[in-house]
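Asks:
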Amino acid sequence: MDWIFDGGRRCLDFVNTLRDRYTSGREQLTDPALLAEWLVAAGHAERRHRVTAEELALARELREAIDRLARGETKAADVRLVNQMAAELPVPQLQIHADGPQRVLRFSQGPVRAILAELATDAIDLVASNGLVRICASDTCGVRFVDASPKHNRQWCSMARCGNRAKARAHYARRKSST
Ligand SMILES: [Zn+2]
1 MDWIFDGGRR CLDFVNTLRD RYTSGREQLT DPALLAEWLV AAGHAERRHR
51 VTAEELALAR ELREAIDRLA RGETKAADVR LVNQMAAELP VPQLQIHADG
101 PQRVLRFSQG PVRAILAELA TDAIDLVASN GLVRICASDT CGVRFVDASP
151 KHNRQWCSMA RCGNRAKARA HYARRKSST
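Using the UniProt record's numbering, the letters of the sequence shown correspond one by one to residues 1 to 179.
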């Protein structure tokens, strides 16, 4: 799978698993196993977790809520979902073992939902800090990213994918008009 990680934020990399958003979109998370694969590829899990169909549906719902919020839409239902998910963050617990005290994490709803909770938390941080979320300037892309460039003028999701293509097109157009 051609995962891309150009969002500059974990929650935007998640949003970008629906590719080609300039049109109706191309779903990359078509199957629970692909979400399991993405969680590892994105560095959220060390091994593939078993993902249920319900968790996949929830993940996609959360992803679209994050997308709308990141683009400045503030639907009450989206705010509610992001907050509900963030509340599932694992909590640290102290356990006393024979070889000493240990810090363990308690998952309220399992490891997959715990990761979704982290993504929801990242989205809260992004939206609440008014992070500059942009959509790639290529009209055949739609990838979202946070513009952390010093002059706030980042245009492309990735120079390699969209920036160079645009440059080549501009160059070709210039040559054509000069002949
Ligand atoms: Zn792009």
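Just so you know, even glycine gets a beta-carbon here, dropped at the ideal spot from N, CA and C.
In this structure, what does DSSP give as the bridge partners for Q95?
Replies: Mapped onto the sequence shown, residue 95 falls at position 95. In DSSP, Q95 forms a bridge with Q102.
Asks: Does the segment 57 to 64 come close enough to the segment 91 to 104 to have 3 or more Cβ pairs within less than 8 Å?
Replies: No: fewer than three Cβ pairs fall under 8 Å.
Asks: Helix, strand or coil for R134? Go by DSSP, reduced to three states.
Replies: In the sequence shown, counting from the first residue as 1, residue 134 sits at position 134. Three-state DSSP puts R134 in a strand.
Asks: Can you check which of these residues, S149, G43, V112, G142, is closest to L132 by C-alpha distance?
Replies: Along the sequence shown, one-based indexing puts residue 132 at 132. Taking only the C-alpha atoms, the option nearest L132 is S149.
Asks: Tell me whether residue 180 is buried or exposed, calling it buried when 16 or more other Cβ atoms sit within 10 Å of its Cβ.
Replies: Here the chain covers residues 1 to 179 and nothing more, so residue 180 does not appear.
Asks: With DSSP as the reference, label R144 as helix, strand or coil.
Replies: Within the sequence shown, residue 144 is the residue found at index 144, counting from 1. Three-state result, R144: strand.
Asks: What span of residues does the alpha helix (DSSP H) with H171 cover, start to end?
Replies: Your numbering for residue 171 matches position 171 in the sequence shown. Counting along the chain, the alpha helix (DSSP H) containing H171 begins and ends at 164 to 178.
Asks: Going by the CB atoms, is the gap between A36 and Q49 shorter than 8 Å?
Replies: Mapped onto the sequence shown, residue 49 falls at position 49. Mapped onto the sequence shown, residue 36 falls at position 36. Reading off the sequence shown, one finds His at residue 49, where the question assumed Gln. Cβ atoms of H49 and A36: closer than 8 Å.
Asks: By how many angstroms is the C-alpha of G100 removed from the C-alpha of G142?
Replies: Translated into positions along the sequence shown, residue 142 becomes position 142. Translated into positions along the sequence shown, residue 100 becomes position 100. Taking the straight line from one Cα to the other gives about 51 Å.
Asks: Please determine whether the Cβ atom of S24 lies at a distance below 7 Å from any heavy atom of ligand 1.
Replies: As a first step, residue 24 is located in the sequence shown; it is residue number 24 there, counting from the start. Incorrect: S24 has no Cβ contact closer than 7 Å to ligand 1.
Asks: Relative to the alpha-carbon of A137, which residue among D122, K167, A114, V112 has its alpha-carbon at the smallest distance?
Replies: Here residue 137 refers to the residue found at position 137 when the sequence shown is read from its first residue. With distances taken between Cα atoms, A137 lies closest to K167.
Asks: Classify G8: buried if its beta carbon has 16 or more other beta carbons within 10 angstroms, exposed otherwise.
Replies: As a first step, residue 8 is located in the sequence shown; it is residue number 8 there, counting from the start. It is buried - the Cβ of G8 has at least 16 other Cβ atoms within 10 Å.
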